[in-house]
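Engineer: When you line the sequence shown up against my numbering, it's residues 10 to 513, in that order. C-beta atoms are modelled at their ideal positions from N, C-alpha and C, and glycine is treated no differently. Quantities reported herein were computed from a predicted structural model and do not represent experimental measurements.
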Amino acid sequence: MPGRDPLRLRRDGGTSQDHPRDRPPPDGSEARGTGLLVPRAPGLEAIRDRSELRAPDLRVEGGTVVPLDDGRLIFEVGFVDVVGDRIAAVGPIGDRPAARPRRVIDATGSVVLPGLVDAHTHLFQVAARGLGDGLALAEWLRTHMIPLALALRRREMVALTELAALHALRSGTVAAVNHHYGGLREPEDALAVAGAMERVGLAGAVARMMVGERTAAADEFGLPAANFGYTNAQEIELTTQAIRAKADGPVAIWPGPANVAYCSDEILLAGADLARRYGVRWHTHAAEDAFAVEVTRRFQDGRRTLGVLEDLGVLDHDATLAHAVWLDDAEMELAAARLPHLVHNPLSNAYLGSGTMRLIELRSRGVRLAAGSDGCAVAGQDMFAVARFGALLQRVAATDAAVISVGDMVKLITGGGARALGSGSGTLATGEPADLIVVDTSSLHHSPVNDPLASVGWFATGADVSTVIVRGAPVLDEGSITTVDEAEVRAKGLEAARAVMARL
Numbered sequence: 010m011p012g013r014d015p016l017r018l019r020r021d022g023g024t025s026q027d028h029p030r031d032r033p034p035p036d037g038s039e040a041r042g043t044g045l046l047v048p049r050a051p052g053l054e055a056i057r058d059r060s061e062l063r064a065p066d067l068r069v070e071g072g073t074v075v076p077l078d079d080g081r082l083i084f085e086v087g088f089v090d091v092v093g094d095r096i097a098a099v100g101p102i103g104d105r106p107a108a109r110p111r112r113v114i115d116a117t118g119s120v121v122l123p124g125l126v127d128a129h130t131h132l133f134q135v136a137a138r139g140l141g142d143g144l145a146l147a148e149w150l151r152t153h154m155i156p157l158a159l160a161l162r163r164r165e166m167v168a169l170t171e172l173a174a175l176h177a178l179r180s181g182t183v184a185a186v187n188h189h190y191g192g193l194r195e196p197e198d199a200l201a202v203a204g205a206m207e208r209v210g211l212a213g214a215v216a217r218m219m220v221g222e223r224t225a226a227a228d229e230f231g232l233p234a235a236n237f238g239y240t241n242a243q244e245i246e247l248t249t250q251a252i253r254a255k256a257d258g259p260v261a262i263w264p265g266p267a268n269v270a271y272c273s274d275e276i277l278l279a280g281a282d283l284a285r286r287y288g289v290r291w292h293t294h295a296a297e298d299a300f301a302v303e304v305t306r307r308f309q310d311g312r313r314t315l316g317v318l319e320d321l322g323v324l325d326h327d328a329t330l331a332h333a334v335w336l337d338d339a340e341m342e343l344a345a346a347r348l349p350h351l352v353h354n355p356l357s358n359a360y361l362g363s364g365t366m367r368l369i370e371l372r373s374r375g376v377r378l379a380a381g382s383d384g385c386a387v388a389g390q391d392m393f394a395v396a397r398f399g400a401l402l403q404r405v406a407a408t409d410a411a412v413i414s415v416g417d418m419v420k421l422i423t424g425g426g427a428r429a430l431g432s433g434s435g436t437l438a439t440g441e442p443a444d445l446i447v448v449d450t451s452s453l454h455h456s457p458v459n460d461p462l463a464s465v466g467w468f469a470t471g472a473d474v475s476t477v478i479v480r481g482a483p484v485l486d487e488g489s490i491t492t493v494d495e496a497e498v499r500a501k502g503l504e505a506a507r508a509v510m511a512r513l
């Protein structure tokens, strides 16, 4: 495109709403304090002035490239060059550097997008897929999810995690926040779950769920005594050991207090403190349904969910809060001021009848938003389904089709999730992590493609994803998984699901 340098170097790595800790640092150092250390790629200055250009390791070319950066540009026939684990160049195909890449992926007939990020899920729940239809959240947890979690053995949680991670990757997800609570008995359990994600090729974080001692609020949820197997001190120590043992790699360990509604203040404070101490983020459930808010107010002197976190001093940019459905106006203002990441889970909220996030009002206030599937047991791992349903849900709630586009939701499942993880801006831009996907739009259900972003948002499914590149490595390569034996993962996952369900 005339007048535009497709090799431009983005130094800020994000939008005007980004917190400074979410932007790649200008001095080339590592972006610490995010949970995923993302070093700046060597040689970017040379790439910027086009001198001493290193041959790309990988070039994706011929497809419609949708960078999803601030410029809103779409390259109808474009290319993306990858050097190491970074994007080296993006632009129209006529501006390709002369250096011959080691590998070329032909994306003709496809749309090239940033990789999708699932900012809240529970991968082991794949074992209970489809169970609990028609139950509200608390009963669904008591009846199905918590018994499943308590029955899990390490070998089974690993097999189930690999199975769900495989589905996520095949659906275009490059990273996930896996809020794991199944079978956690020692630090090695969380590490085994992280290892399972890494073997399949899925990046992100295992937010090790912290429950601690039983509280009066937990009694209101009817949670079984076995769910509270550790003192607060033991829970904190187990989480600390897991974080220390996983200092690097594509999957980090985060502290993950179970729920603001029934965790003690000590557990919530410890989660935030561990995040600050070890340079990661922390994750919890917050205001998922009206009952959770009612319980919070009853046992927290009338305070609502974000008010509790604010008074504890832990409502900040390290907090990633799943759901945030039942926020009042004052809480939305708090979220805009303190900049936690709120994770919208429209499919699971609808499945469980929990309510609808006030997403449009939150966006208008500049609140930082991501999206999650929360969905192994209810809707699978397809983030395109999350984006599509999320857009429809907001339009119905507002009775206004103009309140949000499906492209806005696609940005939540790309850039919003990447920023929640602290892994770049989630765009196809020079210097960003080389996390990208190729979505085949040549099939009948896409024809004709009048608007590439609208087409993938409204019509794509995970089955349309042909290639997934995570940190520069093709893990789904033109339809084939490169990291594991897919048939073996499926067989072991199904065996684990049958075994654990038979014990319930």
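Over the uninterrupted beta strand (DSSP E) stretch that includes residue 70, give me the two end residues.
Structural biologist: 67 to 70 is the span of the beta strand (DSSP E), which, as asked, contains residue 70.
Engineer: Please report the straight-line C-alpha distance between residue 263 and residue 457, rounded to a whole angstrom.
Structural biologist: Each residue's Cα considered, the two are about 44 Å apart.
Engineer: For residue 210, tell me which candidate among 180, 142 and 337 has the shortest Cα-Cα distance.
Structural biologist: Ranking 180, 142 and 337 by Cα distance to residue 210 puts 180 first.
Engineer: Is it buried or exposed for residue 477, if we count other Cβ within 10 angstroms and need 16 for buried?
Structural biologist: Buried, by the Cβ-count rule.
Engineer: Taking residue 120 as the reference, which of 395, 428, 84 and 142 has the closest Cα?
Structural biologist: Ranking the options by Cα distance to residue 120, first place goes to 84.
Engineer: Counting Cβ pairs, one atom from each stretch, are 3 or more of them under 8 Å apart for the stretch 359 to 378 and the stretch 330 to 349?
Structural biologist: Yes, they touch.
Engineer: From what residue to what residue does the alpha helix (DSSP H) around residue 304 run?
Structural biologist: Here the alpha helix (DSSP H) through residue 304 covers 299 to 308.
Engineer: Grab me the residues of residue 467's own chain with a C-beta within less than 7 Å of its C-beta, minus the 5 sequence neighbours each way, in chain order.
Structural biologist: Within the same chain, residue 467 has close Cβ partners 397 and 415.
Engineer: Just mark residue 273 as buried or exposed, buried being the case when its beta carbon has 16 or more other beta carbons within 10 Å.
Structural biologist: Classification of residue 273: buried, given that the 10 Å Cβ count is 16 or more.
Engineer: Do the stretch 204 to 219 and the stretch 345 to 353 make contact, defined as three or more Cβ pairs closer than 8 Å?
Structural biologist: Taking 8 Å as the limit for Cβ pairs, the verdict is that the stretch 345 to 353 does not touch the stretch 204 to 219.
Engineer: Could you tell me how far apart the beta carbons of residue 423 and residue 67 are, in whole angstroms, since I believe they sit closer than 8 Å?
Structural biologist: Wrong, their Cβ atoms sit about 19 Å apart, outside the cutoff.
Engineer: Tell me whether residue 237 sits in a helix, a strand or coil according to DSSP, three-state version.
Structural biologist: Three-state result, residue 237: coil.
Engineer: Is residue 187 helix, strand or coil by DSSP?
Structural biologist: Here residue 187 sits in strand by DSSP.
Engineer: Rounded to a whole number of angstroms, what is the C-alpha to C-alpha distance between residue 278 and residue 321?
Structural biologist: Computed Cα separation, rounded: 7 Å.
Engineer: Take the Cβ of residue 216 as the centre, count every other Cβ of all protein chains shown within 10 Å, and call the residue buried at 16 or more, exposed below.
Structural biologist: Its Cβ being crowded by 16 or more others within 10 Å, residue 216 is buried.
Engineer: My guess is that residue 76 and residue 438 are in contact by the Cβ rule of under 8 Å, so how many angstroms apart are they, rounded?
Structural biologist: Right, their Cβ atoms sit about 6 Å apart.
Engineer: Hey, how far is the Cα of residue 94 from the Cα of residue 481?
Structural biologist: Distance between the alpha carbons of residue 94 and residue 481 is about 4 Å.
Engineer: Count the CB pairs spanning the stretch 136 to 150 and the stretch 88 to 104 that are closer than 8 Å, and state whether there are at least three.
Structural biologist: Short answer: they don't touch.
Engineer: Hey, could you find the ends of the alpha helix (DSSP H) residue 163 is sitting in?
Structural biologist: That run of the alpha helix (DSSP H) goes 163 to 179.
Engineer: Could I get the ranges of all uninterrupted alpha helix (DSSP H) runs contained in the stretch 383 to 451, with 4 residues as the minimum, in chain order?
Structural biologist: Complete alpha helix (DSSP H) runs here, min 4: 392 to 407, 415 to 420 and 426 to 430.
Engineer: Whole angstroms is fine: what's the gap from residue 506's alpha carbon to residue 131's?
Structural biologist: Going by the C-alpha atoms only, they are around 15 Å apart.
Engineer: Nearest to residue 511 by CA position, among 114, 99 and 156, is which residue?
Structural biologist: Here the closest residue by C-alpha is 156.
Engineer: Measuring alpha carbon to alpha carbon, tell me which of 451, 445 and 269 ends up nearest residue 307.
Structural biologist: That would be 269, whose Cα lies nearest to the Cα of residue 307.
Engineer: Which one or two residues does DSSP pair with residue 88 in a beta bridge?
Structural biologist: Looking at the DSSP assignment, residue 88 forms a beta bridge with 70 and 100.
Engineer: Using 8 Å for Cβ pairs, my map puts residue 176 next to residue 389. What's the rounded Cβ distance?
Structural biologist: 6 Å between Cβ atoms; contact.
Engineer: Which residue comes first and which comes last in the beta strand (DSSP E) that contains residue 114?
Structural biologist: First-last of the beta strand (DSSP E) with residue 114: 113 to 115.
Engineer: Going by other Cβ atoms of all chains shown within 10 Å of its Cβ, with 16 needed for buried, is residue 233 buried or exposed?
Structural biologist: Result: exposed.
Engineer: Closer than 8 Å by C-beta to residue 237: which residues in its own chain qualify, once you throw out the five before and the five after it? Chain order, please.
Structural biologist: Closer than 8 Å at Cβ, skipping near neighbours: 220, 221, 222, 223 and 227.
Engineer: Can you give me the Cβ contacts of residue 317 inside the same chain, cut-off strictly under 7 Å, excluding the 5 residues immediately before and after it?
Structural biologist: Here the set comprises 269, 305 and 309.
Engineer: Comparing C-alpha positions only, which one of 425, 183, 197 and 404 sits nearest to residue 78?
Structural biologist: Closest by alpha carbon: 425.
Engineer: Does the distance from the CB of residue 106 to the CB of residue 87 come in under 7 Å?
Structural biologist: Taking 7 Å as the Cβ cut-off, residue 106 and residue 87 do not qualify as a contacting pair.
Engineer: Can you give the beta carbon distance from residue 123 to residue 421, rounded, assuming they're within the 8 Å contact cut?
Structural biologist: About 12 Å separates the two Cβ atoms, so there is no contact after all.
Engineer: What whole-angstrom Cβ distance do residue 260 and residue 203 have, given they're in contact under 8 Å?
Structural biologist: So it is a contact: roughly 4 Å between Cβ atoms.
Engineer: Just to confirm, is the Cβ distance from residue 518 to residue 160 under 7 Å?
Structural biologist: Because the chain in this structure spans residues 10 to 513, residue 518 falls outside the shown range and cannot be described.
Engineer: Would you grab the beta carbon distance between residue 141 and residue 129 for me? Rounded to a whole angstrom, and I think it's under 8 Å.
Structural biologist: Actually they do not touch by this definition, with Cβ atoms about 18 Å apart.
Engineer: Go ahead and pull the three-state DSSP assignment for residue 127.
Structural biologist: Note: residue 127 maps to strand in three-state DSSP.
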